[in-house]
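Reviewing the structure listed below.
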Amino acid sequence: MDLNHLHLDVDRTIITAQPGQTVLEACLSAQLDLPYFCWHPALGAVGACRQCAVKLFNGPEDHTGQIVMACMTPATSGMRLSITDPATAQFRDRVIEFVLTNHPHDCPVCDVGGECHLQDMTALVKHTQRRYRFTKRTHLNQDLGPFIRHEMNRCIGCYRCVRFYRDYAGGDDFGVFGANRNIYFGRATPGTLESEFAGNLVEVCPTGVFVDKPFATRFRRKWDMRATPSICPHCAVGCNITVQEREGEFRRVVNRHNAALNGYFLCDRGRFGIDFIRSPARLRRSTQRDAQGPGTPVAIPAATAALAELLRTNNVIGIGSPRASLEANAALRLLVGPAHFYAGVSDHDADIIATAITILRDAAVPIATPADAAQSDAVLILGEDPSDIAPILALSLRQSAQRPTSEALAIRQIPAWNDSAARRSAFGSPTPLIIATPMSTRLDDCATTCHRIAPAALLTLAAAIKTQLEHPSPADPTAIAATLRRASAPVIVVGGDSALMRAAANIVTTLRRKGIAARLSILLPEANSLGLGLFGAPPLSAALAAIQTGTAPHVIVLENDLHRRCETGPLEGTFHRIASLSVLDCIETPTTATADLAIAVGSFADADGTTVNQEGRAQRSFKAIFSTDDAPPSWHVLRNAGIAAGRLDATAWATHRELIDAMAANIPDLAACRALWPHTHDNIMQRPATLPHRYSSRTAVNAAANVREPPPFTNPDSPLGPTMEGLMPRSGLMPHVWSPGWNSVQANLKFPSAAEPGVMLFPTSACIPTELPLPHPPPPAPGILALPIRRVFGSDELSNLAQAVASRVGGPILRVNPADAATHGLSAGTRVDCTIGTTTVRRAIALDPAMAAGVAGLTIGVQGEPGLPLPGSLTITAIHPGEPS
Amino acid sequence: MFITSAIRTMWLTFLHLFHKTETVQYPEQKPYLAPRYRGRIVLTRDPDGEERCVSCYLCAAVCPCDCISLQRTAAPGQWTPEHFRINFSRCIFCGFCEEACPTSAIQLIPDFEMSEISRQSLVYEKEHLLIAGTGKVPDYNFYRIAGVATAGKPKGAGLNESPPVDPRGLLP
Chain V
0 MDLNHLHLDV DRTIITAQPG QTVLEACLSA QLDLPYFCWH PALGAVGACR
50 QCAVKLFNGP EDHTGQIVMA CMTPATSGMR LSITDPATAQ FRDRVIEFVL
100 TNHPHDCPVC DVGGECHLQD MTALVKHTQR RYRFTKRTHL NQDLGPFIRH
150 EMNRCIGCYR CVRFYRDYAG GDDFGVFGAN RNIYFGRATP GTLESEFAGN
200 LVEVCPTGVF VDKPFATRFR RKWDMRATPS ICPHCAVGCN ITVQEREGEF
250 RRVVNRHNAA LNGYFLCDRG RFGIDFIRSP ARLRRSTQRD AQGPGTPVAI
300 PAATAALAEL LRTNNVIGIG SPRASLEANA ALRLLVGPAH FYAGVSDHDA
350 DIIATAITIL RDAAVPIATP ADAAQSDAVL ILGEDPSDIA PILALSLRQS
400 AQRPTSEALA IRQIPAWNDS AARRSAFGSP TPLIIATPMS TRLDDCATTC
450 HRIAPAALLT LAAAIKTQLE HPSPADPTAI AATLRRASAP VIVVGGDSAL
500 MRAAANIVTT LRRKGIAARL SILLPEANSL GLGLFGAPPL SAALAAIQTG
550 TAPHVIVLEN DLHRRCETGP LEGTFHRIAS LSVLDCIETP TTATADLAIA
600 VGSFADADGT TVNQEGRAQR SFKAIFSTDD APPSWHVLRN AGIAAGRLDA
650 TAWATHRELI DAMAANIPDL AACRALWPHT HDNIMQRPAT LPHRYSSRTA
700 VNAAANVREP PPFTNPDSPL GPTMEGLMPR SGLMPHVWSP GWNSVQANLK
750 FPSAAEPGVM LFPTSACIPT ELPLPHPPPP APGILALPIR RVFGSDELSN
800 LAQAVASRVG GPILRVNPAD AATHGLSAGT RVDCTIGTTT VRRAIALDPA
850 MAAGVAGLTI GVQGEPGLPL PGSLTITAIH PGEPS
Chain F
0 MFITSAIRTM WLTFLHLFHK TETVQYPEQK PYLAPRYRGR IVLTRDPDGE
50 ERCVSCYLCA AVCPCDCISL QRTAAPGQWT PEHFRINFSR CIFCGFCEEA
100 CPTSAIQLIP DFEMSEISRQ SLVYEKEHLL IAGTGKVPDY NFYRIAGVAT
150 AGKPKGAGLN ESPPVDPRGL LP
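As given, the protein sequences belong to chains V and F, one line each in that order.
Under numbering that gives the first Met the number 0, read the first sequence as residues 0 to 884, first letter to last.
Under numbering that gives the first Met the number 0, read the second sequence as residues 0 to 171, first letter to last.
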């Protein structure tokens, strides 16, 4: 008998539970059906809904027992419980009957019907007959913005939305009004929900009060959609998602639980940004510039042949991309040769990525996952605001700041699941969250200390913290070192500057030497930035220099818009020197518009791919969308062109597996990618089925075109089964989260260990990390120092193409200190022309009173703008006070 | 033995000349079909003349031969199907779709005369399925009972509904 587990007697059956679990968690993990509403694994228990009543007996002689709430009762060994006891069954039936007195007769026209927790729970307690004869309560709905639709009539008053939005995600523009029959969950006035985590209300709500608005424009029931495990392509956190598809059309994204990364939540950029797949700006057909003029459509085989023609010249350079998968980048690198392969990123990004690799691989600094960040007992944020760059990491940091540490709870004898008591106990003794950035962040509201300092002073501060840790002295003005030294598992979040990243890594190293289990989290710009960096290719500027010096080469650009990576001048000054420009991309960009050969390839959802997130975690996503006219994955096009040009054997990379092997042989750092689900079962019945078992309409869906049914799609690259037949795995790859009687997303509670963790390319070792040398600080630049502001909505290339996200993008701004603004005669809302390098862009002034002096923040990634050399010196060349902002 | 048997057979056959005939002169003479006979499937309209189908996908889900395909419109508000297709070459006329339909939109009617030369002609689209009347359920209008607001029915105006609550009110 395992002594680390608790043993509970539930209806004469012995179940095991982990210490610290509640009876409800123990019952659900043991696959027992116990209804509940207000409990949520991430939000804890408050015991409000009274639905999870069970009978607790005080020992073997007790035959009467007492009714207790399972979510508020800690599991203890030897406990005797009953779920099936008639008194508790009747209690639960009465509770649900009461909940349903006001629930409308809506299920057929409710988007959540068929995946509704309330439906599941009603069926579970077998409540069928309405006895309440009086009228139903109704509510007016609010317009909550482009992501969420409000249908307040369906509310059952469980308070999960408020507990998520306010208590967990720190939003303040949503709340609960009134009480009893006057209750209302919404905003004070109708308007867009401001939190970038508002989309999670769709999954948090046990019924259909908050529904996914973009999904409603192409609605399907959950049982009708193909579900495929995937990885979010919108930032370097690499949240796990499930992409749902029907009839070759993308439908929606739902969360896929991964305890180390995103847990139960996603940010709105991930949830709604992937709609770019349906954008009109998708590159739908390949075009070739020829005698008849630019943009003559060509079929994929002809485009591949044209690409092969270029490869035969042996004067080809390839430019990779941080938004393309490892496979696509590896294929291009293997095809053009390592000497001719360049990373299509700016010098600044390349510097950051190279430094991150040095810290992870060479210095072996332990990296914090978002889960580690949520559990940490002190956080130091240096340089950049994680809320915009890595929203899910910011959400985890907020948990660390808002909740007391497990040690603090243990002292007060409050169990971690007791949400309300745990939160109240945090008042007055907050977990330290220290923010040292040049401008204000969206975590400032839960920070204990905020320091607004310019980048050069940040480097000095980081060095001073390290010195203080090594040689503590009473004269420590910021007391950051003292705070970090008191912590047992501090997390340092850093981004934006390579010297600062090195300095932060050195702080972690120093703390580790002192026996403190410190961890570092590095903010990287794009989904596969680290993966691209591991190829060790020089940046885009090196490619442009090579074009300038050598004989005019043919350039192949992979899923990259070069105009976003550098200024227009150097790019166009170089491009007249090249023989031809070929671009493989899934979206229309200025680069595809100028290309001699633009090949329409599949997006991340049309191909199997691997990405490496900012922790060095390689994760695989799978082809999620199947239709007869699918765009091929980039690496298929490159392989076929390579074979046609004689650069590859005719059988090269016949499968995804062989390409990964070829990549691993060339790049030793990526060898671990081979461990990502290596086994693909030959027998389709042994593969995880991607279609749900009630996938309807199969004999009618194509009948309008041809009444004969086509064979099912196949995908030899994927270990997933393409049809309804197959396994439903209990762990690892689980396309559908479903358990008998549990049709809603809450079914994932039945599989607590179902996450696929991916493969860490640089596993944390027990040894002390190496200290890194710091570069000499650059001389201060004249004028205002402009720093990039990356925004959740608006700075990411792909998600900007999603209609709902595009409507959330604010105008481009220049954020300055009011004192600096007054010096230049600027006021809030004034439009100015700013020149950085050789590029002039227009921005509206936004005042940030906390901003460090002499520094300005400039929103980047604005659609149609070239890449700006940031951080850099900024001059204001013109002021347009009269124009409206 | 053989002769007696042959004569008996001929005699019995002769007697049939005087029995009541069972042959029906189909198609000139139509057989009686009960109103609940499960034949051709139609989509009906509500008493106000609007389409009853709210594209809830329950008929497609319950169909044992998966021969119903539909897609809800992109427009918000009242749900209607953008397309609604039944592949009658697969349909087994079990009537599960009619049972599952929460709005009485889909109904089976006493008509079985659907023979075609090619299977392709047995694929019926919405324009072939939608009829002008209410079918077997004359009075039912789902949206009068549902809690969602529709064009002519604001919140609180449905059957058994209180007026919308005022969260700013001070009354308990």
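The beta carbon of each residue, even a glycine, is placed where N, CA and C say it ideally should be.
One or two residues paired with V/S285 in a DSSP bridge:
V/V297
At a CB-CB cut-off below 9 Å, which residues of chain V make contact with F/N140?
Chain V residues near F/N140: none, gap ~12 Å exceeds 9 Å.
On a Cα-Cα basis, can you pick out the residue from V/L23, V/I812 and V/F264 that is closest to V/R255?
V/F264
Within this structure, are the beta carbons of F/V147 and V/D119 separated by less than 8 Å?
No, they are not a contact pair.
Taking just the CA atoms, how far does V/R841 sit from V/S884?
Reliability fails at V/S884, whose pLDDT of 45 lies under 50, so the model's placement of it is uncertain and no value is given.
Taking C-beta to C-beta, are V/R250 and V/G207 nearer than 8 Å?
no
For V/G494, three-class secondary structure by DSSP:
strand
Quick check: what's the CA-CA separation for V/N239 versus V/P473?
46 Å
State the beta-bridge partners of V/F946 as determined by DSSP.
A question about residue 946 of chain V goes unanswered here, because the residues of chain V that appear run from 0 up to 884.
Can you have a look at V/C766 and say buried or exposed, based on whether 16 or more other CB atoms are within 10 angstroms of its CB?
exposed
Cα-Cα separation, V/G514 to V/N3
27 Å
At 8 Å on the CB atoms, spell out the chain F contacts of V/D105, in chain order.
Within 8 Å Cβ-Cβ: A145, G146 and V147.
List, in chain order, every chain F residue whose beta-carbon is nearer than 9 Å to that of V/F176.
P166 and R167
Tell me which residues of the segment 128-144 of chain V have at least one Cβ-Cβ distance to chain F shorter than 7 Å, keeping chain order.
T134, K135, R136, T137, H138 and L139
How should V/M0 be labelled, buried or exposed, when 16 other C-beta atoms within 10 angstroms of its C-beta is the threshold for buried?
Here the model assigns V/M0 a pLDDT of 49, short of 50, so the residue's position is not dependable, and the following value carries that caveat. Exposed, since its Cβ has fewer than 16 Cβ neighbours within 10 Å.
In angstroms with no decimal places, state the Cα-to-Cα distance between F/A33 and F/D138.
Whole-angstrom Cα-Cα distance: 21 Å.
Could you spell out where the beta strand (DSSP E) holding F/M9 opens and where it closes?
Note, F/M9: premise wrong, no beta strand (DSSP E); alpha helix (DSSP H) at F1 to L14.
Helix, strand or coil at V/L426 [DSSP, three-state]
Checking the sequence shown, residue 426 of chain V turns out to be Phe, not Leu. Coil, per DSSP.
Mind checking who V/D8 pairs with in its DSSP beta bridge?
V/I13 and V/R79
Under three-state DSSP, which class holds V/S884?
For V/S884, the predicted structure reports a pLDDT of 45, less than 50, and the residue's modelled location is therefore unreliable. The matter cannot be settled from this model.
Under 8 Å between C-beta atoms, does V/F625 make it to chain F?
no
In chain F, which residues lie less than 9 Å from V/W222 when you measure between Cβ atoms?
Y56 and A60
Could you check whether the Cβ of F/W78 sits closer than 8 Å to any Cβ belonging to chain V?
yes
Suppose you measure from the CA of F/T22 to the CA of F/R39; what does that come to, to the nearest Å?
Computed Cα separation, rounded: 25 Å.
Have a look at the DSSP bridge pairing and note the partners of F/H82.
F/Q70
When burial is assigned at 16 or more other CB atoms within 10 Å of the CB, is F/Y142 buried or exposed?
buried
With which residues is V/G856 paired in a DSSP beta bridge?
V/L786 and V/R814
Within 8 Å (strictly less), CB to CB, does V/N152 reach chain F?
yes
Suppose the cutoff is 7 Å on Cβ atoms and the five residues either side in sequence are ignored; what does the same chain contact list for F/V61 look like?
F95, C96 and A99
Could you round the C-beta distance between V/T21 and V/T75 to whole angstroms and report it? I think they count as a contact, below 8 Å.
Incorrect: roughly 11 Å between the Cβ atoms, too far for contact.
Taking 8 Å as the threshold (beta carbon to beta carbon), is V/S696 in contact with chain F?
yes
Can you pull the chain V residues whose beta carbon is under 8 Å from the beta carbon of F/K154, in chain order?
T137, H138, L139, N140 and N152
Closest residue to V/I642 among V/L771, V/Q17, V/L333 and V/F792 (Cα-Cα distance)
For V/I642, the nearest C-alpha among the options comes from V/L333.
In this structure, how does DSSP classify V/M0 when only helix, strand and coil are distinguished?
Residue placement at V/M0 is flagged as unreliable, the pLDDT there being 49, under the threshold of 50; the coordinate-derived value follows with that caveat. Coil at V/M0, not helix or strand.
Cβ of V/S884 within 8 Å of any chain F Cβ
With a pLDDT of only 45 at V/S884, under 50, the local geometry of the prediction cannot be trusted, and the value read off the model is given with reservation. So, not an interface residue.
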